[in-house]
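Heads up: the sequence lines are chains W, S, X and H, in that order.
Per our numbering, the first sequence starts with residue 24, numbered consecutively.
Per our numbering, the second sequence starts with residue 2, numbered consecutively.
Per our numbering, the third sequence starts with residue 144, numbered consecutively.
Per our numbering, the fourth sequence starts with residue 2, numbered consecutively.
Note that beta-carbon positions come from the ideal geometry of N, C-alpha and C, so glycine has one too.
Bear in mind the structure is a predicted one, so any value in this text is a computation, not a measurement.
A quick write-up on the structure given underneath.
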Amino acid sequence: MKKFLVEFWKSYSIVIVVIVIGLVLGLLAPRFLTKDNLINVMTNASLVAIVGLGMTLAIASGNFDLSVGATASFAGCISFSLVPILGVPLSIIAGVIVGAVVGLINGLIISELRVPAFIATLSMMTIVRGFTLIFTNGRDLYLFGQTEYKILSGQLILGISTPIFFAIGIALLFGFVKKYTRFGRHILAMGGNLSAASRSGVRTSFVLWGIFSIVGATAALTGMIISSQVLTANARLATGLELSAIAVVILGGTALSGGQATVIGTLLGALLISMINNGLNLLNVPIFYQELTVGALMLGALAVKMQKGFKISSLLRSRS
Amino acid sequence: MNQKIFKLITALLVLSFVLAACGSSGEEATSESRTIGFSVYDMQYGFFQDMEAGTREGAKDAGYDYILVDQKSSESTMVSATIDLINQGIDALIISPFKPDALGPIVDAAKEKGIPVVVNDIGGGGTDYNVIVISNNYEGGVMAAEHMDELISAAGKPKKVASITCEASAVYAARRNVGFEAKIKELGYEVVATLSGNSQQEQGYKVMQDILTANPDVSGVFSCNDPMAVGAAQAISDAGLSGASDIFVIGFNADEIALESIKAGDMAATVQQVPFEMGKMTVELATQLMNGKTLAYDNAELREIFVPVNLITLDNIPN
Amino acid sequence: MIDENNEIILGVQGLTHHFPGIVALKNVNFDLHKGEIHALVGENGAGKSTMINIIAGVLQPSSGRLIINGSPTTFQNPSDAQQAGISVIFQEFNLVPQLSVAENIFINREPTRFGMIDWKKMNEKASEVLKRLKIDIDPRLTVSSLSIAQQQLTEIARGLAFNAQVIVMDEPTAALSEREIDQLLSIVKSLANEGVSVIYVSHKLEEVFKVADRITVLRDGVRIITKNASEVSEDDVIFAMVGRALIHGRCPERKLGPVVLSVKNLNVDNFIKDFSMDLHQGEVLGLGGLMGSGANRVIEALFGLRDSYVDELTLDGSALAINNPRDAIHSRIGYVPNDRKKDGLLPDLSVKHNISIGIIERLKKVFWIVAENEQEITETYVNKLNVRCTSINQRILNLSGGNQQKVILARSLAEECNVLLLSEPTRGVDVGAKAEIYSLIDSLVDSGMAVILQSSELNEFIRLANRVMIFSSGQVKGELTGDQITEESMMALATRV
Amino acid sequence: MTVAEKQIKKFSVKLGWDLLWERYGIATVVLIAWVIAFFFVPNFRNPDNMLNVIRQSAFVGCAAVGMTIAIISGTFDLSVGSTLALSAYLGLMVVSTTESVLLAILVTVLVAMLIGLINGLLITKVGISAFITTLGMSFIVRGLSYIISKGGEPVRYNAKAFIWWGNGSFLRIPIPFIIFIICALAGWFILKKTPFGRYVFSIGTNEKAAKVAGVPVQRTIIFIFIIVGLFTGISAFLIGSRLYSAGPGLEPGFELSVIAAVVLGGTRLAGGRGSILGTIAACLLYATMGNILNLLHADAFVQRVAVGMILLLALSIEGIRQRIFEHSSRRITTLEIEPNSNEYQGGQA
């Protein structure tokens, strides 16, 4: 519990930002602080948070995944097309597996062909989107009236939606994995010092495959939740998800250099972006102001963080 | 070792050509017959797939060879790919431009080779094209506004509507919203929100949720395209309401999903364009141009031919 | 002493290993008895590291075999070696800075309970290990917050944390102070008494003779001798290592000129307080002390790498301010960093570019570099320092440690500096290159340069310095000159609180 | 020479292969692709077509020259796409109102350089990592350009003096390609012949050591971003002129194409190694690939897959070579040979 508080405190800066922005938006847009709206905000935050949590592991290991948007749409399409054959529960599971397999391929390319993660997943982004287009023939797949699939995005208990449970569940799971499993510690070890990890006998390739499979699976889940919201899947789904996911992780305070990760931070980062988008929509502000705000916030948050250790020498050294 | 590298390079090239060949249409240009080139906006969208199908069928019926390039929603790809097309010795160019403003170099290159240019929809960018077939976006928006007024008045709901726009860079599609908003205001309505859903279905869903929160008494929503309209309709039905009877959702394009959504009772209407027919029509116009005939323009000054847009509701939905 | 009848726990037979284009090991035989401390010595590039990596499972030999407890074995990866009871302490830091000391000690061997990592047990076990080694570090601290010496000790603790049959130590004392080294050596001995076998790799023959039962010397991938330590002298071993005898000695007579660099009341990091000194032309001033005593910080502050406050800093009588390394280089102060890999090498660049980087702006005409000048200058220094490379366009990465160090030295010399700050100039350098570097320093000083030398090897001061200032917890505890400079007197000052 | 030295020499000859591939690999691939396409791809040998291919390579190419310098120094710039759109848009605004092409060039380039300067200052003075700074900046600049244009309507201008830059030719050679080659020569000169270039390599290979060696790290980083801005500005001007128009939504994903081209050209993402020649070749390869796929009438969806696959394959070659190599001489880890056993960690930011 004490450790939990320490970790929580570490990301306090973002907690304060979340609260302040929440209050400001509440003042500006009175409907912002209604229960329904807050649930909407959290639901939308959860979508990015789920894939963001996967991305947190990838970034903690010193890697990236730019293919999550493509994977999300691919999994959504596969899962939709399987519903008539397998039924809803099995096709959802199939979607997650498909995502994990795409992730595994990413991992294999990175470890076996030694292509840097950034470029490997960038190529995979194009390839997977292309495959999805070929698979769907560029058409929409829809399940109107198939209310069973709504389980992924609908409300469960007390009006709280499934994605929120997923996000919190996955956060708890990853928090546990990070802290209490060898796999989790080895992810951090790899991110901190790759050669030390491999010389200590950590099977870095296996860990890498695991990480990317997990990222793929979380991306697939996000993709299917989005598909379930609109009951449609196509190859254009979730474009730009990769950048949102990375932005959320960075805002949350996970360092890009690897070796360290904050699961709670990622959740809060997602909440922050979702709040801003929602608040500005409520205020009827054009979308490009939202982009501007997210960009400024990202730089602002990190600039403030840098100021914490403000010293001339730290300015000299902290460039990464 | 260098042999291995060489082998790898060869393998790489062979693979790339195999891949390329897989996708090739297999239609070889013959010198006797005429060749029509079509440069499409982006085959990812159902609307343009239909347009392409119409163009292809028109070309086939007329006995032309047919070459397609895809602009993939990028203006520089639009220019380079279309010029690739022109350099293959086509006899007429049909283009559905991603950015009409960037048509200049394409039209100039075509004119230099004496190739007639038929623009299919979107816009002509003030260039020297031969003819443009255009379904009137502004008029479609107006039509949607009129229908929405009928629905809202009949239901006796408050005169408050919202408008969902495409991504900011899609300036031509934005005219639909401009037409809608102008007409609906004229009819005495308040437009409570104009927000972008980036043309994406999931964004349409999110934006609609936010509109519902900020304006629970909104009675109608017009969306710049059908995917966003369907997304918005889903958000409304997730809120326990109906997009066909509580809050009237009208989209644009008559995409398959929108028709399904109307059938399912989730959405009120959509403004139909006829991309397939437009495609066929452009081939006919190209034929006339190649044969040196003068065209009958609807607007001679801008060399425009209008294609009517239709309102599709549950009553007149095609099967 | 080793009992010949004692069982052979690890045998190496006919070991040969090829790197692309290099035969790193040629038909090497080696054996290790139970409870034996077997030292493996040789110059850099002699094949020691290759052999260790094979024993550790990091590399697989081209031919030859390992015999563990009498049965031939192959290791596919480091885990296999670990499971066979072999524990390796590598020379380079092998720690994950973001993780705790305990985790680093138990990485990949974390104690688990019901599949979960048992943090309590891990921390307890780590404290036990650290206590056994008399290391005073809280196992829950993150490694990045430790000093270099503490990190090195953590590294050693990791190697010793398991009930390994065989412990391989590759230059374990490189970053340790004398006191810590003695502590470590006594631990090694007690481990041997408990029946653990140790392969001890070191450049420092003094240490080797303190602990080793037997000594094997490698040269150019070939085993030269294996002898009982009691049967050979230090000179015999050196002869075997380099193929010729080396001359040791004391610092030659230095002719001091006027004061070059004068420092009054230097304060660094709230740790060094009011340090003052005058450095004369032709002088080698040693700054000594145990790890963490602060000598290193003084040098880094003088070179502008640390924030510092100073009342007065004068060079040749005129005041100057040094805020970053560029200022220092402009004032003709050169620096050779102790961590060559981290702070010195530009690994992807050629020897030429590594030398010329500090003076590149002086070599330009208008705004481009005059290639001939650069070529000429770098060739001059490569020849002067006898850097062994195939061409000055060769990547520095492909040189041996000693030659890399000479290139870094050449960089400072090319800057035509009058004051040279040397931090551990011979760390990780083999015996032959070490002697070359020593005589080079002699000739530089003869030609009028002033040198500040910081080292953790006290021998180095005896050989080079005509004056030594000894630090302890940030303060100068005493100054020794000439014949006063002995290991005993320096140690006495260094351990004064 | 001792045995060890001979071995080192032999080894460095062997090691030459990866450097050779790094430097000339993609150039060779381009040559082979051109030869094959010349004989087997219908219409490829049409001079108009070949000239169009090299013209096309220039638009990404100019910006890629700047990005090559950034990536060699171990940083990179994700904001070039947004910068391109904003500066091209402002340039078009200027030229369409003042009809002065010179002024348009100045505005386009200076705006881009200003954004580069801001990036550089944020990275060095505030200490935010380059990845985050430029990612955040890309959002901000993209938003700004929509706000300035009040919604995204593009500006159009087609006076001969302006569009000549993107569409004209000199002795049949496309002007953009000539400018690309000039940019590339300038980039090569900067990297290889100036102290600044040496600093770029030093920072990329080991930033701390570069600082200790007296390299003005901060100043160099700021300059690098200004130079990235400069070359991006040139690309922006050429694209604006090529398209007779520019809007704030210009070229989404441009930054990723540029980075992909640079990395495909053999520049190491982790910094310290790379070449302009490779970048030129990679830009040509991209343009050639797109052209060949179009000439073969490849399906648009298949094209996407093919382009990704080819990129992946080209980048795997070095890894595959290493593996074959290791297989043939048992297993060699990078411990003694290579400085960074972090080879496949990638994605350094």
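For valine 74 (chain W), which residues in the same chain have their Cβ closer than 6 Å to its Cβ, ignoring the five residues on either side in sequence?
The residue labelled residue 74 (chain W) in the question sits at position 51 within the first sequence. Answer for valine 74 (chain W): Val91, Thr241, Ala242, Thr245, Ala268, listed in chain order.
Between arginine 366 (chain X) and the rest of its own chain, which residues show a CB-CB distance below 8 Å, the 5 nearest in sequence each way excluded?
Taking the first residue of the third sequence as 1, we reach residue 366 (chain X) at position 223. The residues are Val171, Asn172, Phe173, Thr359, Val360.
Where threonine 159 (chain X) falls: helix, strand or coil (DSSP):
Position 16 of the third sequence, counted from the start, is the residue given in the question as residue 159 (chain X). It is a strand residue.
Using 8 Å for Cβ pairs, my map puts glycine 234 (chain H) next to methionine 114 (chain H). What's the rounded Cβ distance?
If you number the fourth sequence from 1, residue 234 (chain H) lands on position 233. If you number the fourth sequence from 1, residue 114 (chain H) lands on position 113. Going by Cβ atoms, the distance from glycine 234 (chain H) to methionine 114 (chain H) rounds to 6 Å, so yes, they are a contact pair.
If valine 619 (chain X) and phenylalanine 352 (chain X) are in contact, beta carbons under 8 Å, what's the gap, nearest whole angstrom?
The count along the third sequence starts at 1 and reaches residue 619 (chain X) at position 476. The count along the third sequence starts at 1 and reaches residue 352 (chain X) at position 209. No, valine 619 (chain X) and phenylalanine 352 (chain X) are not in contact; Cβ-Cβ is about 32 Å, not under 8 Å.
Alanine 635 (chain X) versus leucine 404 (chain X): straight-line alpha-carbon distance, rounded
The residue given as residue 635 (chain X) occupies position 492 in the third sequence. The residue given as residue 404 (chain X) occupies position 261 in the third sequence. Answer to the nearest angstrom: the Cα atoms are 28 Å apart.
Aspartate 163 (chain W) and glycine 47 (chain S) closer than 8 Å at C-beta:
Reading the first sequence from its first residue, position 140 is the one you call residue 163 (chain W). Reading the second sequence from its first residue, position 46 is the one you call residue 47 (chain S). Yes; because the gap between Cβ atoms is below 8 Å, this pair is in contact.
Classify glutamate 29 (chain S): buried if its beta carbon has 16 or more other beta carbons within 10 angstroms, exposed otherwise.
Position 28 of the second sequence, counted from the start, is the residue given in the question as residue 29 (chain S). Reliability of the predicted coordinates at glutamate 29 (chain S) is poor, the pLDDT of 43 falling under 50, and no value is obtained from them.
Let me make sure I understand the geometry here. Which of X:Val562, X:Ala182, X:Gly575 has the alpha-carbon closest to that of lysine 370 (chain X)?
Against the third sequence, residue 370 (chain X) aligns to sequence position 227. The candidate whose alpha carbon is nearest that of lysine 370 (chain X) is X:Ala182.
Spatial neighbours of serine 258 (chain H) within its chain, please: C-beta separation below 7 Å, excluding the five flanking residues on both sides.
Stepping through the fourth sequence from its first residue, residue 258 (chain H) is reached at position 257. Val61, listed in sequence order.
Interface residues of chain H around aspartate 71 (chain S) at Cβ under 8 Å?
Within the second sequence, residue 71 (chain S) is the residue found at index 70, counting from 1. The answer, in chain order, is Ala301, Gln304.
Do you know how far the Cα of leucine 186 (chain H) is from the Cα of phenylalanine 178 (chain H)?
Residue mapping note: residue 178 (chain H) aligns to position 177 of the fourth sequence, counting from 1. Residue mapping note: residue 186 (chain H) aligns to position 185 of the fourth sequence, counting from 1. Going by the C-alpha atoms only, they are around 12 Å apart.
Residue burial classification, glycine 24 (chain S) (beta-carbon count within 10 angstroms, cutoff 16):
If you number the second sequence from 1, residue 24 (chain S) lands on position 23. Bear in mind that the predicted position of glycine 24 (chain S) carries a pLDDT of just 44, short of 50, making it too unreliable to give a figure here.
Output, in sequence order along the chain, the residues in the segment 51–73 of chain H whose CB is closer than 9 Å to any CB in chain W.
none
Boundaries (first-last residue) of the beta strand (DSSP E) holding glutamate 191 (chain S):
Indexing the second sequence from 1 puts residue 191 (chain S) at position 190. Residues 191–197.
From S:Ser238, S:Gly241, S:Met268, residue whose alpha carbon lies closest to that of phenylalanine 223 (chain S):
Taking the first residue of the second sequence as position 1, residue 223 (chain S) is located at position 222. The residue with the shortest Cα to Cα distance from phenylalanine 223 (chain S) is S:Met268.
Got a sec? Which residues, its chain only, sit under 8 Å from arginine 469 (chain X) by beta carbon, not counting five neighbours each side?
If you number the third sequence from 1, residue 469 (chain X) lands on position 326. If we look at arginine 469 (chain X) and ignore the five residues flanking it on each side, its Cβ neighbours are Gly447.
Who pairs with glutamine 597 (chain X) in a beta bridge, going by DSSP?
By 1-based counting over the third sequence, the position of residue 597 (chain X) is 454. Glutamine 597 (chain X) is bridged to X:Leu430, X:Ser566.
Within chain H, the residues that alanine 36 (chain W) reaches when beta carbons sit closer than 8 Å:
Taking the first sequence and counting its residues from 1, one reaches residue 36 (chain W) at position 13. It should be noted that the sequence gives serine, not alanine, for residue 36 (chain W). By Cβ distance, chain H contributes nothing, its closest Cβ being about 14 Å from serine 36 (chain W), past 8 Å.
Using a C-beta to C-beta distance shorter than 9 Å, which residues of chain X count as neighbours of lysine 126 (chain H)?
As a first step, residue 126 (chain H) must be located in the fourth sequence, where it is residue number 125. Those do not exist, as lysine 126 (chain H) stays about 15 Å from chain X at its closest Cβ, beyond 9 Å.
Contacting positions in the segment 208–235 of chain W - beta carbon closer than 8 Å to chain X
Arg208, His209, Leu211, Ala212, Gly214, Gly215, Asn216, Ser218, Ala219, Ala220, Ser221, Arg222, Ser223, Gly224, Val225, Arg226
If you measure from the beta carbon of glycine 85 (chain W) to each beta carbon in chain S, is any gap under 8 Å?
Translated into the one-based positions of the first sequence, residue 85 (chain W) becomes position 62. Output row for glycine 85 (chain W): interface = no.
For alanine 314 (chain W), which residues in chain H fall below 7 Å Cβ to Cβ?
The residue you call residue 314 (chain W) lines up with position 291 of the first sequence. It is worth fixing the name first, because residue 314 (chain W) is glutamate in this sequence and not alanine. Chain H residues near glutamate 314 (chain W): Phe140, Arg143, Gly144.
Taking isoleucine 95 (chain S) as the reference, give the member of S:Met282, S:Pro309, S:Glu302 with the closest Cα.
Counting from 1 along the second sequence, the entry for residue 95 (chain S) is found at position 94. Nearest option by C-alpha distance: S:Met282.
In whole angstroms, what separates the C-alpha of histidine 496 (chain X) from that of arginine 531 (chain X)?
Residue 496 (chain X) sits at position 353 when you count from the first residue of the third sequence. Residue 531 (chain X) sits at position 388 when you count from the first residue of the third sequence. Near 16 Å, if we compare the C-alpha coordinates of arginine 531 (chain X) and histidine 496 (chain X).
Three-pair Cβ contact test at 8 Å for the segment 93–112 of chain H versus the segment 286–298 of chain H
no
For asparagine 667 (chain X), which residues in the same chain have their Cβ closer than 7 Å to its Cβ, ignoring the five residues on either side in sequence?
No answer is possible for residue 667 (chain X): the residues shown for chain X start at 144 and end at 640.
Can you give me the start and stop residues for the beta strand (DSSP E) that glutamate 612 (chain X) sits inside?
Position 469 of the third sequence, counted from the first residue, corresponds to residue 612 (chain X). According to the sequence shown, residue 612 (chain X) is methionine rather than glutamate. Start and end: 610–615.
Measuring alpha carbon to alpha carbon, tell me which of S:Ala230, S:Gln89, S:Phe181 ends up nearest valine 143 (chain S).
By one-based count along the second sequence, residue 143 (chain S) stands at place 142. Minimum Cα distance to valine 143 (chain S) is reached at S:Phe181.
Give every residue of the same chain whose Cβ lies closer than 7 Å to the Cβ of glycine 137 (chain H), excluding the five residues on either side of it in the sequence, and list them in chain order.
As a first step, residue 137 (chain H) must be located in the fourth sequence, where it is residue number 136. Closer than 7 Å at the Cβ level, and outside the excluded window around glycine 137 (chain H), lies no residue.
Whole angstroms is fine: what's the gap from alanine 255 (chain S)'s alpha carbon to threonine 271 (chain S)'s?
Numbered from 1 along the second sequence, position 254 holds the residue referred to as residue 255 (chain S). Numbered from 1 along the second sequence, position 270 holds the residue referred to as residue 271 (chain S). Going from the Cα of alanine 255 (chain S) to the Cα of threonine 271 (chain S) covers about 6 Å.
Three-state secondary structure (DSSP) at arginine 269 (chain H)?
On the fourth sequence, residue 269 (chain H) is found 268 positions in, with the first residue counted as 1. Arginine 269 (chain H): coil per DSSP, three-state reduction.
Aspartate 626 (chain X), DSSP secondary structure in three states
For the purposes of this step, residue 626 (chain X) is identified with residue 483 of the third sequence, where counting begins at 1. Helix at aspartate 626 (chain X).
Report the option in W:Ile101, W:Ala123, W:Ile132, W:Ile39 whose CA atom is closest to the CA atom of serine 317 (chain H).
Counting from 1 along the fourth sequence, the entry for residue 317 (chain H) is found at position 316. Among W:Ile101, W:Ala123, W:Ile132, W:Ile39, the Cα nearest to that of serine 317 (chain H) belongs to W:Ile132.
Is there a C-beta anywhere in chain W that falls below 8 Å from the one on tyrosine 173 (chain S)?
Taking the second sequence and counting its residues from 1, one reaches residue 173 (chain S) at position 172. No, its Cβ sits nowhere closer than 8 Å to a Cβ of chain W.
DSSP state of alanine 300 (chain X) mapped onto helix, strand, coil
In the third sequence, residue 300 (chain X) corresponds to position 157, counting from 1. Reduced to three states, the DSSP call for alanine 300 (chain X) is helix.
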